[in-house]
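Comments concern the structure below.
Numbering (the numbering used here), first residue to last: 33 to 331.
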């Protein structure tokens, strides 16, 4: 397949590009910077004045939209929240414009999303059929992002919304910050410890995206989380065990709120999310349990 990727040089995008190249696909990455083709990847400039991106995107079979400012970086000031929201709306809107102009439409459009669309809960268990949330910043952002992405369906393009959980990788995402206290023998339970952490190894993230490319029955929301979510206390104890470090210094909720502001919700609140669609379609997780995932990342 000829696949166009936005955010193709980021945390998830770079790993995905490597996997798809190894599978024999032709990759085109949309970027703001001029780049020459390299290692089987070509580049098309976009989101810059005068960039007629559609001219370099003929005969694309699939679009994968991973573009957007990371929610993990920076304090959630009003300015940063606006940048997080606007970056996703702008990128998705530009892809809609491009697809509208293409004489040959792609067969599939995969858009990144997040489990933040589900309400925070200690008791509820969420699948793709569960009710979604729109009453806080992250919930509204994800909901609006998905609604915009679904506009491509009017062109009869199969649309898949990959709702990522907490993505674990050694060189990106939230894990390096979560494990940092343990490296200094100061790790412990964050907040109440009862909040759910629906996590997933980066390897299974990119494998799930590839899986959705080829499984034509997959349409709409897809939870990209391990089938074995844990509470924050269990999560911390597993880090302690794998890294052979003590788990003893609790971090009270008010400290996290002082340090991170509204972004503290990412670690103080959570949802128990299960990947029903992936499991029903026969997807096999390479790292279904946290201890094996962390052992792989820190071996």
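For each residue, glycine too, the CB sits at the ideal point set by N, CA and C.
Whole-angstrom distance between residue 103 and residue 153, CA atom to CA atom
Counted from its first residue, the chain shown places residue 153 at position 121. Counted from its first residue, the chain shown places residue 103 at position 71. Each residue's Cα considered, the two are about 20 Å apart.
Collapsed DSSP secondary structure at residue 158 in the structure displayed:
Along the chain shown, read from residue 1 onward, the residue named residue 158 stands at position 126. Residue 158 falls in the strand class under three-state DSSP.
Kindly indicate which three-state DSSP category residue 103 falls into: helix, strand or coil?
Within the chain shown, residue 103 is the residue found at index 71, counting from 1. Of the three classes helix, strand and coil, the one that applies to residue 103 here is coil, per DSSP.
Residue 200 lies in the beta strand (DSSP E); which residues open and close that run?
The residue you call residue 200 lines up with position 168 of the chain shown. 198 to 201 is the span of the beta strand (DSSP E), which, as asked, contains residue 200.
Between the CA atoms of residue 206 and residue 105 - distance to the nearest angstrom
Residue numbering aside, residue 105 sits at position 73 when the chain shown is read from its first letter. Residue numbering aside, residue 206 sits at position 174 when the chain shown is read from its first letter. Distance between the alpha carbons of residue 105 and residue 206 is about 9 Å.
Within a Cβ cutoff of 7 Å, which residues of the same chain sit near residue 150, ignoring the five residues on either side of it in sequence?
The count along the chain shown starts at 1 and reaches residue 150 at position 118. Hits under 7 Å: 158, 162, 164, 165, 303, 305.
Rounded straight-line distance, which links the Cα of residue 63 to that of residue 178
Taking the first residue of the chain shown as position 1, residue 178 is located at position 146. Taking the first residue of the chain shown as position 1, residue 63 is located at position 31. Spanning the two alpha carbons is a distance of roughly 22 Å.
At least three beta-carbon pairs within less than 8 Å, the stretch 44 to 62 to the stretch 79 to 93:
With the cut-off at 8 Å, the stretch 44 to 62 and the stretch 79 to 93 touch.
Does DSSP put residue 41 in a helix, a strand or coil?
Taking the chain shown and counting its residues from 1, one reaches residue 41 at position 9. In this structure, residue 41 counts as coil in the three-state DSSP scheme.
Collapsed DSSP secondary structure at residue 91 in the structure displayed
Your numbering for residue 91 matches position 59 in the chain shown. Per DSSP, reduced to three states, the secondary structure at residue 91 is coil, with no helix or strand assignment.
Backbone CA spacing between residue 140 and residue 315 [nearest angstrom]
For this step, residue 140 is matched to residue 108 along the chain shown. For this step, residue 315 is matched to residue 283 along the chain shown. Take the alpha-carbon of residue 140 and the one of residue 315: they are about 19 Å apart.
Residues in its own chain within less than 6 Å of residue 96 by CB, not counting five upstream and five downstream?
Translated into the one-based positions of the chain shown, residue 96 becomes position 64. Excluding residues within five positions, the ones whose Cβ falls inside 6 Å are 37, 142.
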